[in-house]
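Asks: Our numbering applies: residue 490 is where the sequence shown begins, and numbers increase by one.
Virtual Cβ for every residue (Gly too), placed ideally from N, Cα, C.
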Amino acid sequence: MSDLEDHFLGTNAGAEAYRTATERAREAAIDATDTDDPFSGAEPDAIRAALPDDVLPESGIGLDAAIDEVATDVLAETVNVSHPRTAAHLHCPPTVSGLAAETMLSATNQSLDSYDQSGAATVVEERLLTALGDLFGLGDGSDGVVTSGGTQSNFQALLLARDRYCEERLDHDAQAAGLPPEADDLRIVCSAEAHFTAEQSAHHLGLGHDAVVTVGTDAEHRMDVDELDATLDGLDEAGKEVFAVVGTAGTTDFGAIDPLDRLAERARTHDAWFHVDAAFGGALALTDDADRLAGVERADSVSVDFHKLFFQPISCGALILDEREAFGYAARNDDYLNPADSALPNLVSKSTQTTRRFDALKPYLAFRALGREGIAEAVETVCTTANRAATLLDSSHDFALLAEPSLNTVLFRYEPRELADDDLDALNTAAREALFRDGRAVVARTEVDGVEALKLTLMNPLTTLDDVADILDALRDVAEDVDVGSLTARNA
Ligand SMILES: *Cc1c(COP(=O)(O)O)cnc(C)c1O
Numbered sequence: 490m491s492d493l494e495d496h497f498l499g500t501n502a503g504a505e506a507y508r509t510a511t512e513r514a515r516e517a518a519i520d521a522t523d524t525d526d527p528f529s530g531a532e533p534d535a536i537r538a539a540l541p542d543d544v545l546p547e548s549g550i551g552l553d554a555a556i557d558e559v560a561t562d563v564l565a566e567t568v569n570v571s572h573p574r575t576a577a578h579l580h581c582p583p584t585v586s587g588l589a590a591e592t593m594l595s596a597t598n599q600s601l602d603s604y605d606q607s608g609a610a611t612v613v614e615e616r617l618l619t620a621l622g623d624l625f626g627l628g629d630g631s632d633g634v635v636t637s638g639g640t641q642s643n644f645q646a647l648l649l650a651r652d653r654y655c656e657e658r659l660d661h662d663a664q665a666a667g668l669p670p671e672a673d674d675l676r677i678v679c680s681a682e683a684h685f686t687a688e689q690s691a692h693h694l695g696l697g698h699d700a701v702v703t704v705g706t707d708a709e710h711r712m713d714v715d716e717l718d719a720t721l722d723g724l725d726e727a728g729k730e731v732f733a734v735v736g737t738a739g740t741t742d743f744g745a746i747d748p749l750d751r752l753a754e755r756a757r758t759h760d761a762w763f764h765v766d767a768a769f770g771g772a773l774a775l776t777d778d779a780d781r782l783a784g785v786e787r788a789d790s791v792s793v794d795f796h797k798l799f800f801q802p803i804s805c806g807a808l809i810l811d812e813r814e815a816f817g818y819a820a821r822n823d824d825y826l827n828p829a830d831s832a833l834p835n836l837v838s839k840s841t842q843t844t845r846r847f848d849a850l851k852p853y854l855a856f857r858a859l860g861r862e863g864i865a866e867a868v869e870t871v872c873t874t875a876n877r878a879a880t881l882l883d884s885s886h887d888f889a890l891l892a893e894p895s896l897n898t899v900l901f902r903y904e905p906r907e908l909a910d911d912d913l914d915a916l917n918t919a920a921r922e923a924l925f926r927d928g929r930a931v932v933a934r935t936e937v938d939g940v941e942a943l944k945l946t947l948m949n950p951l952t953t954l955d956d957v958a959d960i961l962d963a964l965r966d967v968a969e970d971v972d973v974g975s976l977t978a979r980n981a
């Protein structure tokens, strides 16, 4: 690094260097999101071979050259998430407002752990979470914290749930003393379609994933409440301690929304914390279909992901609590950061992170710039496209629709002719892999009732029904080259 002034903001030279570099970087990003196909199809080995061997040269190559190198070796081989035929995961094209917010929050580099590293950024995060508490009807006592996403939100919710249960029901201070003597009996109840992070959290909480008891689902993949009742009664009789009931508002594959109202009732009767994992479906609260989330207002905690159906750049999520005091179960004070006698809002006491990005600015700017209506339009558009895609699949002669969409996912299967189930599984697996290598479209896979299924997650409001038709044509095209006979022989 020769001229330090060119590498830091705060001087005219630094400002000029920042303008030049960000303009170059911005053009590279625009090129990478304006491609004919969503992916180049590059194999990992080819990408490894193309990257420079020397990640840390003795002398650098200079910023212009390094940006250009990243543009050709890296960005050109990434998955273009803004392409209309990228339709695999809950992975959104970011809004321009989110990208503008990223520019501001990264250049100013605030850290939300303490007020003396963030000033107004702390207040904006507080405001955003108050607005979110209102959106979900959680009431005046609610509070929240911005997280890296649903994984962190779900973990923290279950941590607080466990520790509240330990204190209130087992007279045990888990923060100080760790797991209680009854730890083997602690249980979390969720549906069989709940996100895997319920089990992951149970592991991280020292309970092991066997502490998660799953309840079967109805024909629409929502938690079956009769089975929930039987499960809770059985656990009570067996002397188990159910400290949390988790409802899912938008399961990853089907987008199914559990009957939250009735789950809330059961959780209350059994003195369990009611957590709603609305990482996927929380954005419905902005739309005319908000009543599908009825019952969320009775939750003790709600997880929301802004980097899914709120269309914000990764990473950006939130955990909202019904009662702000519950953050106290995991709060700590440290002399250097948030002394107990400080009158300032030091958000580190609400987070499982210390240094933390000002990600709140992304939804805040989107809310202010687009308003509820603007974001709702994007959510409603992707859901409508999913419904129309389902109709298209259902009326085709060679695809089978496996479920009616609930949100913006569509589950289907390629069935071009009479084939044994195993052959169809093998054909669908191979066709999806071939499509990814081909690069014309990106779709996902999962299993539905034990069979291999393909999945479209329509996250791009600019994806049209013609684009969906093009995705299906590309699938047909690559599937033609799959030799089903040899696949079955390989599987046998
Ligand atoms: C995406 C998702 C998660 C995980 O969230 P991340 O943001 O990926 O950490 C958890 N639960 C549900 C229902 C999800 O859709």
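1. In whole angstroms, give me the CA-to-CA distance for residue 920 and residue 968.
2. Just to check, is the beta-carbon of residue 643 closer than 7 angstroms to a non-hydrogen atom of ligand 1?
3. For a test of the three-state rule: what should DSSP assign to residue 540, helix, strand or coil?
4. For residue 853, does the three-state DSSP call read helix, strand or coil?
5. For the beta strand (DSSP E) containing residue 810, name the first residue and the last one.
6. What's the gap between the Cα of residue 608 and the Cα of residue 768?
7. Bridge partners of residue 936, per DSSP?
8. Under 7 angstroms from any heavy atom of ligand 1, does the C-beta of residue 739 make it?
9. Would you call the region 831-845 and the region 586-596 in contact, with 3 or more CB pairs under 8 angstroms?
10. Ignore the nearest five residues each way along the sequence and tell me which others in residue 731's own chain have a CB closer than 7 angstroms to its CB.
11. From the DSSP output, read off the bridge partner residues of residue 592.
12. What does the alpha-carbon distance come out to for the pair residue 563 and residue 508?
13. Between residue 1061 and ligand 1, is there a pair consisting of the residue's CB and a ligand heavy atom that are separated by less than 7 angstroms?
14. Can you tell me the Cα-Cα spacing of residue 853 and residue 844, whole angstroms?
15. Pairs of beta-carbons, one from the region 552-562 and one from the region 609-619, closer than 8 angstroms: are there three or more?
16. Which whole-angstrom value is the C-beta distance of residue 577 and residue 933, which I expect to be below 8 angstroms?
17. Less than 8 angstroms between C-beta atoms, sequence neighbours within five positions excluded: which residues of the same chain meet that for residue 819?
18. Mind checking who residue 547 pairs with in its DSSP beta bridge?
19. From the DSSP secondary-structure annotation, give me the bridge partner or partners of residue 737.
20. Work out the CA separation of residue 754 and residue 908 for me, nearest whole Å.
21. In terms of residues, what are the limits of the beta strand (DSSP E) holding residue 632?
22. Using DSSP's beta-bridge definition, name the partner residues of residue 730.
23. In the DSSP assignment, what are the bridge partners of residue 794?
24. With contact counted as at least three CB pairs below 8 angstroms, one residue from each stretch, are the region 619-638 and the region 802-822 in contact?
25. Using 10 angstroms around the beta-carbon of residue 696, count the other beta-carbons present and answer buried if the total reaches 16, otherwise exposed.
26. Going by the beta-carbon positions, is the gap between residue 775 and residue 871 smaller than 8 angstroms?
27. For the alpha helix (DSSP H) that residue 559 lies in, which residues bound it at each end?
28. Looking at the unbroken beta strand (DSSP E) that takes in residue 902, where does it start and where does it end?
29. Taking a contact to mean a Cβ-Cβ separation below 8 angstroms, would you say residue 513 touches residue 556 in this structure?
30. I'd like to confirm the pairing. Which residues does DSSP put opposite residue 712 in its beta bridges?
31. Would residue 535 be called buried (16 or more neighbouring beta carbons within 10 Å of its own) or exposed?
32. According to DSSP, what are the bridge partners of residue 916?
33. Please confirm if residue 755 has its CB atom under 8 angstroms from at least one CB of chain C.
34. Taking residue 819 as part of the alpha helix (DSSP H), name the residues at either end of that continuous run.
35. For residue 857 and residue 950, I'd like the C-alpha separation in whole angstroms.
36. Given 7 angstroms as the limit, tell me if residue 693 has its C-beta closer than that to any heavy atom belonging to ligand 1.
Replies: On the basis of the data shown:
1. One C-alpha to the other measures close to 5 angstroms.
2. Ligand 1 approaches residue 643 closely enough that one of its heavy atoms is under 7 angstroms from the residue's Cβ.
3. coil
4. helix
5. 806-810
6. 28 angstroms
7. 941
8. Correct: residue 739 has its Cβ closer than 7 angstroms to ligand 1.
9. no
10. 676, 678, 721, 724, 759 and 761
11. Answer by DSSP bridge pairing: none, since residue 592 is not bridged.
12. 22 angstroms
13. Because the chain is modelled from 490 through 981, residue 1061 falls outside the range shown and cannot be assessed.
14. 20 angstroms
15. no
16. 4 angstroms
17. Excluding residues within five positions, the ones whose Cβ falls inside 8 angstroms are 645, 648, 649, 652, 664 and 841.
18. According to DSSP, residue 547 bridges with nothing at all.
19. 766
20. 47 angstroms
21. Here the beta strand (DSSP E) through residue 632 covers 632-636.
22. 675
23. 806
24. yes
25. So residue 696 counts as buried.
26. no
27. 552-562
28. 898-903
29. Taking 8 angstroms as the cut-off, the beta carbon of residue 513 is found closer than this to the beta carbon of residue 556.
30. 706
31. exposed
32. Answer is none; residue 916 lacks a bridge partner.
33. Given the protein chain composition of this structure (a single chain), no chain C is represented.
34. Here residue 819 belongs to no alpha helix (DSSP H), and DSSP marks it neither H nor E.
35. 20 angstroms
36. no
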